[in-house]
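Right, one structure below, let's go through it.
Number of protein chains: 2
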Amino acid sequence: MRRMTARPANTHQARLLKLLRDGGPNSRAQLGDLVDLSRSKLAVEVDRLLETGLVVADGLAASRGGRRSHNIRLNPGLRFLGVDIGATSVDVAVTNAELEILGHLNQPMDVREGPVAVFEQVLSMAAKLKATGLAEGFDGAGIGVPGPVRFPEGVPVAPPIMPGWDGFPVREALSQELGCPVMVDNDVNLMAMGEQHAGVARSVGDFLCVKIGTGIGCGIVVGGGVHRGVTGSAGDIGHIQAVPDGRPCACGNRGCLEAHFSGAALARDAMEAAQQGRSAELVGRLEANGTLTAVDVAAAAAAGDATALDLIREGGNHTGQVIAGLVSFFNPGLVVIGGGVTGLGHTLLAAIRTQVYRQSLPLATGNLPIVLGELGPTAGVIGAARLISDHLFSPA
Amino acid sequence: MRRMTARPANTHQARLLKLLRDGGPNSRAQLGDLVDLSRSKLAVEVDRLLETGLVVADGLAASRGGRRSHNIRLNPGLRFLGVDIGATSVDVAVTNAELEILGHLNQPMDVREGPVAVFEQVLSMAAKLKATGLAEGFDGAGIGVPGPVRFPEGVPVAPPIMPGWDGFPVREALSQELGCPVMVDNDVNLMAMGEQHAGVARSVGDFLCVKIGTGIGCGIVVGGGVHRGVTGSAGDIGHIQAVPDGRPCACGNRGCLEAHFSGAALARDAMEAAQQGRSAELVGRLEANGTLTAVDVAAAAAAGDATALDLIREGGNHTGQVIAGLVSFFNPGLVVIGGGVTGLGHTLLAAIRTQVYRQSLPLATGNLPIVLGELGPTAGVIGAARLISDHLFSPA
DNA sequence: CGACTTCTTCCACTCACAGGACAAAGACGG
DNA sequence: CCGTCTTTGTCCTGTGAGTGGAAGAAGTCG
Chain A
2 MRRMTARPAN THQARLLKLL RDGGPNSRAQ LGDLVDLSRS KLAVEVDRLL ETGLVVADGL
62 AASRGGRRSH NIRLNPGLRF LGVDIGATSV DVAVTNAELE ILGHLNQPMD VREGPVAVFE
122 QVLSMAAKLK ATGLAEGFDG AGIGVPGPVR FPEGVPVAPP IMPGWDGFPV REALSQELGC
182 PVMVDNDVNL MAMGEQHAGV ARSVGDFLCV KIGTGIGCGI VVGGGVHRGV TGSAGDIGHI
242 QAVPDGRPCA CGNRGCLEAH FSGAALARDA MEAAQQGRSA ELVGRLEANG TLTAVDVAAA
302 AAAGDATALD LIREGGNHTG QVIAGLVSFF NPGLVVIGGG VTGLGHTLLA AIRTQVYRQS
362 LPLATGNLPI VLGELGPTAG VIGAARLISD HLFSPA
Chain B
2 MRRMTARPAN THQARLLKLL RDGGPNSRAQ LGDLVDLSRS KLAVEVDRLL ETGLVVADGL
62 AASRGGRRSH NIRLNPGLRF LGVDIGATSV DVAVTNAELE ILGHLNQPMD VREGPVAVFE
122 QVLSMAAKLK ATGLAEGFDG AGIGVPGPVR FPEGVPVAPP IMPGWDGFPV REALSQELGC
182 PVMVDNDVNL MAMGEQHAGV ARSVGDFLCV KIGTGIGCGI VVGGGVHRGV TGSAGDIGHI
242 QAVPDGRPCA CGNRGCLEAH FSGAALARDA MEAAQQGRSA ELVGRLEANG TLTAVDVAAA
302 AAAGDATALD LIREGGNHTG QVIAGLVSFF NPGLVVIGGG VTGLGHTLLA AIRTQVYRQS
362 LPLATGNLPI VLGELGPTAG VIGAARLISD HLFSPA
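First to last, the sequence lines map onto chains A and B.
If you're matching positions, the first sequence starts at 2 in our numbering and goes up one per residue.
If you're matching positions, the second sequence starts at 2 in our numbering and goes up one per residue.
So this is what it looks like as structure tokens:
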């Protein structure tokens, strides 16, 4: 199949495409109700979109009491590739133009192996998805990396946990390999966009999305759009001081949030507790696997292990304290907690909530939901697909 | 003089008005270079603006090598009132349409006397300014209050330091009294707008403006616009925890930034130091005045008093620590420090800078200026004038 | 089967705007 | 002082976007 290179010619077409993406197939008549255009104008723009092949006619809609309207949908052959590169694993998914996931692969991998090795992996995963017949090619790809990105160019800048990626032309390289447009962003921002598109943050204009994985980051959505900051490092809350004169952190300071709570810190704490014999549950798991990760802590907590619960609670307290500050500062309408450690679930959430509700002022917390992300590991890839579709569904 | 009630009829007119406000009088020809409009279109819109009286012709411009162009300027009779209600004083200023201050009054006053008393004061100050012949009436007024505001309605909500103002219809009441449109905002947001319009933040799209007065607040500018948060309490950083288990704060928590550093806290610390005889300078000032304020500390520091300098440094450290967190989170392009205690000047600034540059990551601080505000006590009133002019110079 | 709805297309009309032609006003060299 | 060139302002017409009415197409419902 030939890939679509068409782009909407004007804002009306862009608007229609986004309506069809977010609301699914729709009849011409209903589209007319949604956009404020005359029937004639609407017909012209829809016809042009049909010509470009971006949308297709799709039978007749149910009658609303008179003549039946024709259905319109985004071309069902359109395919986006969503890539979410985490610190320790890679997610690749294929979506249709409505950003529904058609196929999804996950593979453990260390980003520190460098861009070349990771790209090889990503491309082979993409090829595997293609081989299942889900796609014959991609109309666009979004990719998230665990570090700051100079957004317009799609290039990571000074990423602490992924040395070797600094300045690597991710966007250009991937675009070359895949032969389609590519957009690059921080993985946390993509998670926020994912939850905004298809998760708990639908219809919220200002919210924070805290991702607790190997590190800790925060997606900031202001007025419906992601705030990236002047150098692309906005949301980098892992190195906010949570404990004065606390533990040393890889960044050179002491007491950073990330040093006290994150997937990595939690694993370290669990190892320590096990070695000191403070938890039979953790000792057992250490002996079984030879090492411990955040997943083990989650399992131990689920089994009622007091030490594991304490670790999670303490981490939640630290995280909650930092979030409380951000809530006072930013006054969001929603806080989403996500990332690899959501398995820690309600113990973590409860600790965070307690801190935030205690420390922030009532006006800011009064009507502030603090919830777990809804999409789990798919948030990132959906956000990635959303990123590239936002780009492609905008006038050239 | 009859007041202008006209508003721009379309975005082109709004654009022209803002250009004339921010860039001063200009020739028709130069305006043509600045806005991307055909000469015919420009002429039509300028003519319409002349008809409404919002702008006036103003002689001939210098020749650019051919026929001389006609100058256009905002009606020099337009008058805006800028009101900045602080915790302990009130500023009222009259500006022309270019937001230049024509007259400015400042009066000590406690907001806790309530809205009725404060309004009486404000109106009498406005009348005094009118009496000097600066204005015969006002075309609009902006007003800042030291607490959260439900912006669209112009009503304070749950303001901690100004009980009695909760829900008071500031906008409506003042509009009634003055007979002109009024907009209300948080005083810190107005300070940010002031520095953005005429101060250090010109041409910066994303910045933070930290105001240290009786309390501490922070104006947040994102993409050129003020971020107010979902309940209007964004920027309320005074109650972020700066010292775990620190001093008790009026809000019920412990260790809030405001409890450790602010005009009020500084005065208290100085009193304590004087009573313990730790500083001859402060003791002298206490005996002379019967009490001590932040101004005394500033004076003592300027005289080289070690205790005063220590107090300022310690406060700066706490403030800097909080700001460091915000910088990591928000990644601004500039941080402005302002408010009543700018008299503490470079001692304070140095302490803040040290903390921020030490604690935040290089990518965020690499090219981040941290500077004192340029406008001092006029930032608020200029911001207030800017607020209402933005409103009036937008299509109705 | 006929009256009423709803949807789509067609067409004439309005309106915003661009851009060229031309006149007005000044600069500048001779 | 005069002619030529440049810049500015005005007038006018062409074009393309967009609206809204009319009429036809397709259905529903009693």
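Beta carbons are placed, not taken as given, at the ideal position from N, Cα and C, and that holds for glycine.
The structure presented is a predicted model; accordingly, all values stated were derived computationally and were not measured.
Coil, strand or helix - B:Met194 by DSSP: helix
Euclidean distance between Cα positions of A:Gly33 and B:Val223: 34 Å
Whether B:Leu373 touches B:Gly339 by CB criterion (8 Å): yes
Given 8 Å, three or more beta-carbon pairs between the region 254–263 of chain A and the region 307–323 of chain A: yes
The region 82–95 of chain B in contact with the region 130–148 of chain B per 3-pair CB rule at 8 Å: yes
8 Å Cβ cutoff, B:Pro153 in contact with chain A: no
Beta-bridge partners of A:Thr96, as assigned by DSSP: A:Phe81, A:Ile102
Same chain only: Cβ atoms within 7 Å of B:Thr53, ignoring 5 sequence neighbours per side: Ala7
Cut-off 6 Å between Cβ atoms - residues of its own chain near A:Pro370, not counting five sequence neighbours on either side: Leu335
Own chain partners of A:Ala199 with C-beta closer than 6 Å, once the 5 adjacent residues on each side are dropped: Ile383
Short CB-CB distance (under 8 Å) between B:Asp237 and chain A: yes
Extent of the continuous beta strand (DSSP E) to which A:Leu373 belongs: 371–373
Presumed contact (8 Å Cβ cut-off) between B:Leu364 and A:Val158, rounded CB distance: 6 Å
Exposure label - B:Ala1; buried when at least 16 CB within 10 Å: This structure leaves residue 1 of chain B out entirely; chain B is present only between 2 and 397.
Cβ of A:Asn97 within 8 Å of any chain B Cβ: no
Per-residue burial, A:Asn97 [other beta carbons within 10 Å of its own, 16 or more giving buried]: buried
Check whether A:Asn76 and A:Val57 have beta carbons under 8 Å apart: yes
Closer than 8 Å to chain B by CB, A:Val227: no
Anticipated Cβ contact below 8 Å, B:Gly1 with B:Gly195, distance rounded: Since the first and last residues shown for chain B are 2 and 397, residue 1 of chain B lies out of range.
Contained beta strand (DSSP E) runs [length at least 3] in the region 220–273 of chain B, N- to C-terminal order: none
Contact set between the region 185–202 of chain B and chain A, restricted to residues whose Cβ is under 7 Å from the partner: none
Span of the alpha helix (DSSP H), counted from its first residue to its last, around A:Met163: Per DSSP, A:Met163 belongs to no alpha helix (DSSP H) and is neither H nor E.
Collapsed DSSP secondary structure at A:Gly305 in the structure displayed: coil
Which residues DSSP lists as bridging B:Val185, in chain order: B:Ile144
As assigned by DSSP and simplified to three states, the class of B:Phe152: coil
Within chain B, the residues that A:Thr232 reaches when beta carbons sit closer than 8 Å: Asn332, Leu364, Ala365, Gly367, Asn368
Three-way DSSP call (helix, strand, coil) for A:Ser395 in this model: coil
Candidates A:Val150, A:Glu137, A:Trp166: closest to A:Gly115 by CA position: A:Trp166
Residue range of the unbroken alpha helix (DSSP H) whose run includes B:Asn11: Where B:Asn11 is concerned, there is no enclosing alpha helix (DSSP H), given that its DSSP letter is neither H nor E.
Residue environment, B:Asn254, which counts as buried when at least 16 other CB atoms sit within 10 Å: buried
Partners in chain A for B:Ala219, counting only beta-carbon separations shorter than 9 Å: The sequence shown places Cys at residue 219 of chain B, rather than the Ala named in the question. Ordered by position in chain A, the residues that pass the 9 Å Cβ test against B:Cys219 are Phe330.
Nearest-angstrom beta carbon gap, A:Ala88 and A:Gly214 [assumed within contact, 8 Å]: 7 Å
Option in B:Gln31, B:Val328, B:Asp270 with minimal Cα separation from B:Ala309: B:Asp270
Of the residues A:Ala299, A:Cys257, A:Glu154, A:Arg74, the one placed nearest A:Arg22, counting alpha carbons only: A:Arg74
Where A:Pro249 falls, given that 16 or more other Cβ within 10 Å makes a residue buried: exposed
B:Ala307 versus B:Glu282, B:Leu258, B:Asp297, B:Gly367, residue with shortest Cα-Cα distance: B:Glu282
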